[in-house]
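Chemist: Residue numbers (this note's numbering): 30 to 473. Please find one structure pasted underneath; my questions will follow.
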Amino acid sequence: MKKFLALVLSLMMLCMAMPAMADGLAVGTFDPASAGNVELSFGWWGNQVRDEVTKNAADFFTQNYPNITFNLNAQSWSNYWALMSTYSANNDLPDVMQQDYAYIEQWVEAGDLLDLTPYVESGALDLSNVPQNIIDTGKVGDGIYAVCAGVNAPALLYNKTLTDSLSIEVPDNITWEQFVEISRKIYAETGVGVLYGDGNTENHLTYYARSLGYTALWDTNGMLASAEELTGYYQRLIDGVAEGWLFDTDKRAGVNVNDLAQNPLVYGSTNEVRTWCAFAFSNQIAAFQAAATADGKELGITSWASANPAASNYMKPSQFFSITTDTKNPDLAVAFLNYLINDVQANTILRAERGVPANSLVAAEIADEVSKLDATYTLVVDYLAKVEKCSSPIFPPLPSYSGTVQTEVIETLAGELLLKNPTMTAEEAAQTLVDSTAEIAADY
């Protein structure tokens, strides 16, 4: 990721040649008009904003190539993976699917993703303006199985309208101690709390483990940190609930953390069911701000709280686009993928909602227009420039057993430790996490 954002900014006023064009669209070397009447299927997880802009980008492709129509499948995060797994079992995956950094290796091992290397080498898929270190994040072994849809980073999105009203300044690279102090103050004065340690909690644990000096949370054999080292993470949950500012298990019961519209940062009838922040990712700010604007709020952005922000924080591919091995039209699917990565008009329509485009020239080219449509684009570019200066290399893709640990261990422990009166100590929870993870890893 190094120097990526600097390159974006330096190229904003520079006019340079774009990839091979056909009918005004960057589609690589394959002409979609020659494919006949074809319906391409495209699946992704997201939110209302992502769903809308993605549909508009697909519609724009069809306007230019009326012979190509789309079967679009948008899902929530949790529903998406369950549905795609079903499609995989039936050999009926969409031609193009959104992928996540954590799961690429598992899908490649299952034989579900097409190696794009031959298309890159032939020029059908042009990655010449994507930095090599970003291309490498979509590799498994020697193959390219995914192309980065956008660059982002963990981001603490917060109710700036609220913090300003209380004369609270939320610092860059916020430490955990600063975060707790702010949370206590906001809760004492308003009753607004914090949602933490729920949902995709492997992210929180990874961030915590990195603050201890570990590159990742786990490897093929289990947790890298010891139970003693991980105890502090669970003590955070116990202490926050005891002090009142952290949502307990009962309070979280009615919250769908995978539905942005129900996130308590932007939704809730009273302060007691509201939060002052959300542990999200930088590419999500557009959708959060859209919801917050309707609620009369301005959002701010900083990094997740950590005892060691520079060690914890990282830049990552927000999502990837992959071509599946179930596609019957690989050349056409690659042409559409080339359009999503390299076409300026497509990316203007997509509004960088998935993150700052991986194509450096496109990221610069769309800046002015996207900023007119989405004021958060410049905010995100500025934020990522700060992250680049205070972060560490991203962790490797998650081990194949991680999904089982997530659902059977991490979520269960979070639910228990967020009880008002938990039945286990932080030490016991950490030991359970380490032991159970090792057992599950050994079975894979």
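Glycine included, C-beta positions come from ideal geometry on N, C-alpha and C.
Alpha carbon to alpha carbon, how far is S105 from T476? Give it in angstroms, no decimals.
Modeler: The chain is shown only over 30 to 473; residue 476 falls outside these bounds and no answer can be derived.
Chemist: Compute the Euclidean distance between the alpha carbons of A62 and L361, then round it to the nearest angstrom.
Modeler: If I take the Cα positions, the gap works out to 10 Å.
Chemist: When the Cα of D80 is compared with those of A131, A381, W305, P346, which residue comes out closest?
Modeler: Comparing Cα positions, the closest option is A381.
Chemist: Below 8 Å CB to CB, which residues in the same chain sit around I330 once its five sequence neighbours on both sides are set aside?
Modeler: Here the set comprises A184, L185, L186, Y187, S311, I314, L408, V409, Y412.
Chemist: Where does the unbroken alpha helix (DSSP H) through N85 begin, and where does it stop?
Modeler: Looking at the DSSP string, the run of the alpha helix (DSSP H) that includes N85 is 77-93.
Chemist: So, are the CB atoms of I378 and F71 less than 7 Å apart?
Modeler: No; because the gap between Cβ atoms is not below 7 Å, this pair is not in contact.
Chemist: With three or more beta-carbon pairs closer than 8 Å as the criterion, would you say the region 351-366 touches the region 219-235?
Modeler: Verdict: no, contact absent.
Chemist: Grab the span of the alpha helix (DSSP H) containing I68 for me, first residue to last.
Modeler: It is Glu, not Ile, that sits at residue 68 in the sequence shown. From DSSP, E68 is part of no alpha helix (DSSP H) but of the beta strand (DSSP E) over 67-74.
Chemist: Quick one: what's got a C-beta closer than 7 Å to S126's C-beta in the same chain, skipping five residues either side?
Modeler: According to the sequence shown, residue 126 is Met rather than Ser. G72, M113, S351, T353, listed in sequence order.
Chemist: For M252, which of helix, strand or coil comes out of DSSP?
Modeler: M252: strand per DSSP, three-state reduction.
Chemist: Starting from F317, trace the alpha helix (DSSP H) in both directions and tell me its first and last residue.
Modeler: That run of the alpha helix (DSSP H) goes 314-323.
Chemist: CB-CB under 7 Å to A475, same chain, minus the five flanking residues each way: which ones, in chain order?
Modeler: No answer is possible for residue 475: the residues shown for the chain start at 30 and end at 473.
Chemist: At what residues does the alpha helix (DSSP H) containing L241 begin and finish?
Modeler: Here L241 belongs to no alpha helix (DSSP H), and DSSP marks it neither H nor E.
Chemist: Distance, Cα to Cα, L195 vs A339?
Modeler: The straight-line gap from Cα to Cα measures roughly 28 Å.
Chemist: Given a cut-off of 7 Å on the beta-carbon distance, is the pair N342 and S420 in contact?
Modeler: The answer is yes: Cβ separation under 7 Å.
Chemist: Spatial neighbours of L366 within its chain, please: CB distance less than 7 Å, with the 5 preceding and 5 following residues excluded, ordered by chain position.
Modeler: Closer than 7 Å at the Cβ level, and outside the excluded window around L366, lie V125, L154, V176, F350, I352.
Chemist: DSSP puts T98 in a beta bridge; with which residues?
Modeler: Looking at the DSSP assignment, T98 forms a beta bridge with E68.
Chemist: Note down, one range per segment and in chain order, each beta strand (DSSP E) of at least 3 residues found wholly within the region 123-186.
Modeler: As far as the region 123-186 is concerned, its whole beta strand (DSSP E) runs of at least 3 residues are 125-128, 176-181.
Chemist: Check the C-beta distance from P428 over to T249 and give it rounded, since I have them as a contact under 8 Å.
Modeler: With 8 Å as the limit, P428 and T249 qualify as a contact, their Cβ atoms being about 5 Å apart.
Chemist: Among the candidates A118, V67, V78, whose CA atom is the shortest distance from the CA of T98?
Modeler: Out of A118, V67, V78, V67 has the C-alpha closest to the C-alpha of T98.
Chemist: List in chain order: all unbroken alpha helix (DSSP H) runs of 4+ residues lying wholly within the region 308-383.
Modeler: For the region 308-383, whole alpha helix (DSSP H) runs of length 4 or above, ordered along the chain, are 314-323, 338-341, 359-371, 373-379.
Chemist: Give the C-beta separation of V82 and A316 to the nearest angstrom, bearing in mind that I take them to be a contact with Cβ-Cβ under 8 Å.
Modeler: Between A316 and V82 the Cβ distance is about 10 Å, and since that is not below 8 Å, they are no contact.
Chemist: N450: buried (16+ other C-beta within 10 angstroms of its C-beta) or exposed?
Modeler: N450 comes out exposed.
Chemist: Which residue or residues does DSSP assign as beta-bridge partners of Q104?
Modeler: Bridge partners of Q104: W74.
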